[in-house]
Structure formats: structure tokens, C-alpha cells
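*Asks:*
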Amino acid sequence: MRPSARVDFELEVEEEQDGDISIEVEIEWSGKAKSGDVEIN
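Residues 6 to 46 (this note's numbering) are what the sequence shown spells out, left to right.
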């Protein structure tokens with residue numbers, strides 16, 4: 006049986022006027038998992 010989990014992932018990328026890039030990440034995790042890795046490159 007696989008563990009059940011729900012993940013809501015929201016990613017917002019904006020390029021500012023001066024050329025910088027603004028990144029907003031919102032992660033909502035509910036449920037149980039035996040093992041998990043979150044990797045952002």
C-alpha cells in the first residue's frame with residue numbers, strides 16, 4: 006500500500022524592472038510519508 010499524501014505547490018516567478026528575478030514558493034503538505042525529499046535547483 007502506498008502512503009497517501011496531498012501536496013499543494015504554488016510557484017510564482019516575477020522579473021523585476023531592474024532585471025532581478027523574484028521567486029515565491031509556497032508548499033503545503035498534508036499526510037504521512039515514510040520518506041521524502043524536496044529538492045529545488
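C-beta atoms are modelled at their ideal positions from N, C-alpha and C, and glycine is treated no differently. Predicted, not measured: the structure shown is a model, and the values here were computed from it.
#1: Hey, could you find the ends of the beta strand (DSSP E) residue 27 is sitting in?
#2: Starting from residue 17, trace the beta strand (DSSP E) in both directions and tell me its first and last residue.
#3: With a CB to CB cut of under 6 Å and the five nearest residues on each side skipped, what residues in its chain are close to residue 35?
#4: Cβ of residue 29 within 8 Å of Cβ of residue 20?
*Replies:* Judging by the given coordinates:
#1: Counting along the chain, the beta strand (DSSP E) containing residue 27 begins and ends at 26-36.
#2: Counting along the chain, the beta strand (DSSP E) containing residue 17 begins and ends at 10-20.
#3: The answer, listed in chain order, is 11.
#4: The answer is no: Cβ separation not under 8 Å.
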